[in-house]
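Chemist: Here the protein sequences come in this chain order: A and B. All residue numbers for the first sequence refer to the working numbering, where the first residue is 144 and numbers rise by one. All residue numbers for the second sequence refer to the working numbering, where the first residue is 144 and numbers rise by one. Every residue gets a Cβ at the ideal spot worked out from N, C-alpha and C, and that includes glycine. Note that the structure is predicted; figures quoted are calculated from it, not measured.
Protein chains: 2
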Amino acid sequence: MKIDPSSPADLSVQIASAIRDAIVSGQLIVDQRLPSEAELCAQFEVGRTTVREALKRLAAQSLIRTQRGATGGAFVNRISFEEAYSQQITTSTLLLSMNAVSFETACEARYALERACAPLSAARRSADHLATMRAEIHRQGQPGLTDEAFCASDVAFHRALVDGAGNPVMSYQLAGAVEAMQPLMNMITFTARSRERIIALHCQIADALDAQSAPETEAALSELERYTLTLGQDVMAQRAQARAAP
Amino acid sequence: MKIDPSSPADLSVQIASAIRDAIVSGQLIVDQRLPSEAELCAQFEVGRTTVREALKRLAAQSLIRTQRGATGGAFVNRISFEEAYSQQITTSTLLLSMNAVSFETACEARYALERACAPLSAARRSADHLATMRAEIHRQGQPGLTDEAFCASDVAFHRALVDGAGNPVMSYQLAGAVEAMQPLMNMITFTARSRERIIALHCQIADALDAQSAPETEAALSELERYTLTLGQDVMAQRAQARAAP
DNA sequence: CAAATCCTAATTGTCAGACATATGAAAATT
DNA sequence: AATTTTCATATGTCTGACAATTAGGATTTG
C-alpha cells in the first residue's frame with residue numbers, strides 16, 4: 144500500500160483509496176483492526192491530520208468503524224443491510240432530485256423493479272407482510288390524513304410487498320427505488336377521489352398476494368403504475384401552465 | 144443548524160449530519176457554496192479539525208466537492224450517475240461478500256431484476272447495444288480466455304442488456320446487482336462445455352432482443368438463471384466436500 | 001481469597017497555531 | 001491593451017498539546 148506525495152490528488156484521498164482497495168480486495172478482512180493512527184502516519188509518512196481525514200472518509204462509507212480507548216482503533220466493518228439501505232436511499236433520493244430525472248422515468252423504473260418482486264412475493268409472503276399491508280391500507284383510508292402521511296404509508300405498503308419476496312438483496316436494491324420516489328410523490332395533491340382509487344388498487348394487490356397469484360399482482364401493479372403516471376403528469380402539466388402564464 | 148456538544152456522538156458526525164440534512168431537504172441547493180471552514184468553525188463553535196473531518200465525510204459520499212484557492216470552498220455537488228454507480232457497486236459488492244449472502248439469493252435477485260429490464264430493452268435497445276452484446280459474445284468464444292476475463296465480458300454483456308432499456312435509473316439500480324455478483328461468479332471454473340452453453344444462451348438473448356421479443360428474452364434469461372444456479376451449486380458442493388474430507 | 005477500587009497505558013477526539021499550496025482578482029508594469 | 005506581479009483568501013498538511021474513553025493490571029479492602 145503506497146501513495147504518491149507528488150500526485151495532484153489529496154494525500155488523504157490517496158490513503159483512503161489504498162485502504163479501501165485493501166478492504167474490497169479482501170486483504171483486510173471483517174473485524175480486522177487497522178494499524179493505529181500513529182502507525183499509519185509512519186507507514187504513509189504523513190501527518191496525523193491526513194490519516195484521520197482518510198479514515199473519516201472510509202467511516203462515512205461504513206467501510207470502517209472506530210473505537211476509542213485502550214484496545215480501540217479502526218476496524219473493518221461488516222456493513223449491515225440497514226446501513227446499506229440508508230446509504231442507498233440517500234444517494235437515490237439526491238440522484239433523482241438533482242438530476243432532473245423525469246417523473247415518467249422514475250416511475251417506470253420503480254414499477255418495473257417492483258413487478259420483478261411480485262412472483263417471489265406471491266409465493267413467499269408471510270402473514271406478517273399481509274397484515275402490514277392491510278394495516279397501511281386502513282391507514283390510507285383515514286380521513287384527515289395529510290398528503291405526506293399518505294405517501295409515507297404508501298412507501299410502507301410497498302416495502303412490505305418487496306420484503307415479502309424474502310430476498311434481502313432485492314429488498315436492499317428496491318429500497319432506493321421505492322423511497323427515492325417519495326419526494327416526487329409528495330408534490331402530488333391527492334384528492335379524495337384519487338386516494339380512493341389508489342386504495343382500491345392496493346386492496347387488489349393485497350388480495351392477489353393473499354391468493355398467491357403472481358399474474359394478478361403484476362396486473363394490479365401495472366394498473367397502479369398507469370394511474371400514478373397520470374396523476375404525476377397532471378401535476379407537471381399544471382406546473383408548466385402556471386409557469387407559462389403567472 | 145445546531146449541534147449538541149454534550150452528546151456522546153462525535154462532533155464531526157453531528158456536523159456532517161446537520162449539513163447532510165440541509166442538502167437532502169433542499170435548504171442547500173446544487174452548486175451553492177457552503178460557508179468557509181473558518182465560518183463553520185465560528186457557527187458551530189468547534190475547531191477547524193472537527194469541521195474539516197465533517198466535510199471529508201460529506202465529500203466521501205459525493206455530497207460536496209471542495210476547491211482550493213481564493214474563490215474556493217465547499218460546494219453542494221450534483222451527484223452524477225457515474226459517481227452513484229461506483230458507490231452502489233462498492234456497497235453492493237461488500238454487502239454480498241461480507242454478509243454471507245448465499246449464491247442462490249444473489250442469483251435470484253439479479254435475474255429477477257434483469258428480467259424486469261427485458262420488456263423495456265426489447266422495445267428500445269439501439270443498434271449500439273446489440274453490437275456491444277454481439278461483440279462480447281464473440282469475445283467469450285475466444286480460446287485461452289481466463290475465467291476472470293470471461294466473467295468481465297459477461298458483466299459487460301449484461302450491462303448492455305440493462306442499458307438497452309434506456310432508463311438511467313434502472314441502469315443505476317441494476318449496476319450493483321450485476322457487478323456485485325462478479326466476485327461470486329469468479330469462484331466458478333468455467334469448463335469449455337459450460338462456456339459453450341452460456342454463449343448459446345447469450346446468443347438467444349441477443350436474438351430475442353434483435354427481434355424485439357420480450358417473452359423470448361425473459362425465457363432465455365430464466366434459462367440462464369437456472370444454468371448459472373446449477374454451476375454455482377456444483378462449486379459450493381465441491382467446496383463443502385473438500386472441507387469435509389481434506 | 002474475592003471483590004471492589006484505583007491506576008496506567010493506549011487510542012481516538014478535539015483544539016490551536018503555523019506553514020504550504022492553489023487560485024482568482026486587483027494592481028503594477030511593459 | 002496585454003502581461004506580469006502582488007496579494008488576499010481558501011483549502012491541504014503538519015506539529016504539538018490536551019481531553020475523553022476504555023481495557024487491563026495493580027492495589028486496596030472486606
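Write down the C-beta distance between residue 402(A) and residue 252(B) rounded to the nearest angstrom, noting that I regard them as a contact closer than 8 Å.
Modeler: The structure shown does not extend to residue 402(A), since chain A spans only 144 to 389, so no value can be given for it.
Chemist: Use the C-beta contact count for residue 373(B): other C-beta atoms within 10 angstroms, 16 or more gives buried, fewer gives exposed.
Modeler: Locating residue 373(B) in the second sequence gives position 230, where the first residue counts as 1. The residue is exposed, with fewer than 16 neighbouring Cβ atoms inside 10 Å.
Chemist: Taking just the CA atoms, how far does residue 341(B) sit from residue 248(B)?
Modeler: Within the second sequence, numbered from 1, the residue matching residue 248(B) stands at position 105. Within the second sequence, numbered from 1, the residue matching residue 341(B) stands at position 198. Distance between the alpha carbons of residue 248(B) and residue 341(B): 20 Å.
Chemist: Can you look up residue 218(A) in the DSSP assignment and give me helix, strand or coil?
Modeler: Counting from 1 along the first sequence, the entry for residue 218(A) is found at position 75. Residue 218(A) falls in the strand class under three-state DSSP.
Chemist: Am I right that residue 166(A) and residue 194(A) are in contact with their C-beta atoms under 8 Å? What's the rounded C-beta distance?
Modeler: Here residue 166(A) refers to the residue found at position 23 when the first sequence is read from its first residue. Here residue 194(A) refers to the residue found at position 51 when the first sequence is read from its first residue. With a Cβ gap of about 16 Å, residue 166(A) and residue 194(A) do not count as contacting.
Chemist: Cβ of residue 370(A) less than 8 Å from any chain B Cβ?
Modeler: Here residue 370(A) corresponds to residue number 227 of the first sequence, with the count starting at 1. So, not an interface residue.
Chemist: Helix, strand or coil: how does DSSP classify residue 376(A) here?
Modeler: Indexing the first sequence from 1 puts residue 376(A) at position 233. Note: residue 376(A) maps to helix in three-state DSSP.
Chemist: Please list the residues of the stretch 165-193 of chain B that have a C-beta atom closer than 8 Å to any C-beta atom in chain A, keeping them in chain order.
Modeler: Those would be 166, 167, 169, 173, 192, in chain order.
Chemist: Spell out whether any CB of chain B is found under 8 Å from the CB atom of residue 251(A).
Modeler: Numbered from its first residue, the first sequence carries residue 251(A) at position 108. So yes, residue 251(A) belongs to the interface.
Chemist: How many angstroms separate the CA atom of residue 318(B) from the CA atom of residue 348(A)?
Modeler: For the purposes of this step, residue 318(B) is taken as residue 175 along the second sequence, with counting starting at 1. For the purposes of this step, residue 348(A) is taken as residue 205 along the first sequence, with counting starting at 1. Taking the straight line from one Cα to the other gives about 28 Å.
Chemist: What is the DSSP secondary structure of residue 204(B), reduced to helix, strand or coil?
Modeler: Within the second sequence, residue 204(B) is the residue found at index 61, counting from 1. Note: residue 204(B) maps to coil in three-state DSSP.
Chemist: Run the proximity test for residue 358(A): is its beta-carbon closer than 7 Å to any non-hydrogen atom belonging to the ligand ATP?
Modeler: Looking at this structure, you won't find the ligand ATP or any other ligand, since it has none at all.
Chemist: Check whether the stretch 254-261 of chain A and the stretch 297-305 of chain A are in contact - that is, three or more C-beta pairs closer than 8 Å.
Modeler: The stretch 254-261 of chain A vs the stretch 297-305 of chain A: in contact.
Chemist: Identify, in the order they occur along the chain, each residue of the same chain with its Cβ nearer than 6 Å to the Cβ of residue 375(B), setting aside the five sequence neighbours on each side.
Modeler: Locating residue 375(B) in the second sequence gives position 232, where the first residue counts as 1. Only 246 meet the Cβ criterion.
Chemist: Distance cutoff 8 Å, beta carbons only. Does residue 311(B) sit that close to anything in chain A?
Modeler: Translated into positions along the second sequence, residue 311(B) becomes position 168. So, interface residue.
Chemist: For chain B, find out if any of its Cβ atoms is closer than 8 Å to the Cβ of residue 361(A); answer yes or no.
Modeler: Position 218 of the first sequence holds residue 361(A). No, residue 361(A) lies away from the interface with chain B (no Cβ there is under 8 Å from its Cβ).
Chemist: Where are the beta strand (DSSP E) runs, 3 residues long or more, that stay fully inside the stretch 315-361 of chain B, in chain order?
Modeler: List check, beta strand (DSSP E) in window: nothing returned.
Chemist: Residue 305(B) CB to nearest chain A CB: under 8 Å?
Modeler: Start at 1 with the first residue of the second sequence, and residue 305(B) comes out as number 162. So, not an interface residue.
Chemist: Starting from residue 305(B) and walking both ways along the alpha helix (DSSP H), at which residues does that stretch end?
Modeler: Locating residue 305(B) in the second sequence gives position 162, counting from the first residue. Element bounds for residue 305(B): 290-306.
Chemist: Is residue 384(B) buried or exposed, if buried means 16 or more other CB atoms sit within 10 Å of its CB?
Modeler: As a working note, residue 384(B) is residue 241 in the second sequence. Exposed, because fewer than 16 other Cβ atoms sit within 10 Å of the Cβ of residue 384(B).
Chemist: Does the stretch 216-232 of chain B come into contact with the stretch 167-180 of chain B, if we say contact requires no fewer than three beta-carbon pairs (one atom in each stretch) closer than 8 Å?
Modeler: Touching, yes, given that three or more Cβ pairs across the two stretches are closer than 8 Å.
Chemist: Helix, strand or coil for residue 210(B)? Go by DSSP, reduced to three states.
Modeler: Numbered from its first residue, the second sequence carries residue 210(B) at position 67. Strand at residue 210(B).
Chemist: Where in the stretch 230-286 of chain B do unbroken runs of the alpha helix (DSSP H), each at least 4 residues long, occur, reported from the N-terminal end onward?
Modeler: Taking only runs of at least 4 residues, the alpha helix (DSSP H) segments lying wholly in the stretch 230-286 of chain B are 246-267, 270-284.
Chemist: May I ask you to list the residues that DSSP assigns as paired with residue 176(B)?
Modeler: Numbered from 1 along the second sequence, position 33 holds the residue referred to as residue 176(B). In DSSP, residue 176(B) forms a bridge with 218(B).
Chemist: Can you tell me whether residue 214(B) is buried or exposed? The criterion is at least 16 other CB atoms within 10 Å of its CB, across all chains shown.
Modeler: Position 71 of the second sequence, counted from the start, is the residue given in the question as residue 214(B). Looking at its Cβ environment, which holds fewer than 16 other Cβ atoms inside 10 Å, residue 214(B) is exposed.
Chemist: Please classify residue 199(B) as buried or exposed, where buried requires at least 16 other C-beta atoms within 10 Å of its C-beta.
Modeler: Residue 199(B) sits at position 56 when you count from the first residue of the second sequence. Classification for residue 199(B): buried.
Chemist: For residue 363(B), does the count of other Cβ atoms within 10 angstroms reach 16, so buried, or fall short, so exposed?
Modeler: What you label residue 363(B) is simply residue 220 of the second sequence in a count that begins at 1. Label assigned to residue 363(B): buried.
Chemist: For residue 199(B), which three-state DSSP category applies?
Modeler: Along the second sequence, one-based indexing puts residue 199(B) at 56. Looking at residue 199(B) - three-state DSSP - the assignment turns out to be helix.
Chemist: Between residue 196(B) and chain A, is there a C-beta pair that is closer than 8 Å?
Modeler: For the purposes of this step, residue 196(B) is taken as the residue at position 53 of the second sequence. True, the Cβ-Cβ gap to chain A drops below 8 Å.
Chemist: List the endpoints of the continuous alpha helix (DSSP H) containing residue 157(B).
Modeler: Looking up residue 157(B) in the second sequence gives position 14. Looking at the DSSP string, the run of the alpha helix (DSSP H) that includes residue 157(B) is 154-167.
Chemist: Flag this pair as yes or no: are the beta carbons of residue 268(B) and residue 183(B) separated by less than 8 Å?
Modeler: Working through the second sequence from its first residue, we reach residue 268(B) at position 125. Working through the second sequence from its first residue, we reach residue 183(B) at position 40. Result no, Cβ atoms of residue 268(B) and residue 183(B) do not sit closer than 8 Å.
Chemist: Name the chain A residues that come within less than 7 Å of residue 289(B), Cβ to Cβ?
Modeler: Looking up residue 289(B) in the second sequence gives position 146. Simply none; closest approach about 17 Å.
Chemist: Kindly list, in the order they appear in chain B, the residues whose Cβ is closer than 8 Å to that of residue 221(A).
Modeler: Within the first sequence, numbered from 1, the residue matching residue 221(A) stands at position 78. Per Cβ cutoff of 8 Å: 241, 242.
Chemist: Within 8 Å (strictly less), CB to CB, does residue 390(B) reach chain A?
Modeler: Not covered by the structure: residue 390(B). The range shown for chain B is 144 to 389.
Chemist: Below 8 Å on the Cβ atoms is my guess for residue 371(A) versus residue 250(A); work out the distance and round it to an integer in Å.
Modeler: Counting from 1 along the first sequence, the entry for residue 371(A) is found at position 228. Counting from 1 along the first sequence, the entry for residue 250(A) is found at position 107. Yes, they are in contact, since the Cβ atoms of residue 371(A) and residue 250(A) sit about 6 Å apart, within 8 Å.
Chemist: Any idea what DSSP makes of residue 385(A), helix, strand or coil?
Modeler: Residue numbering aside, residue 385(A) sits at position 242 when the first sequence is read from its first letter. The answer is helix: DSSP assigns residue 385(A) an H, G or I state.
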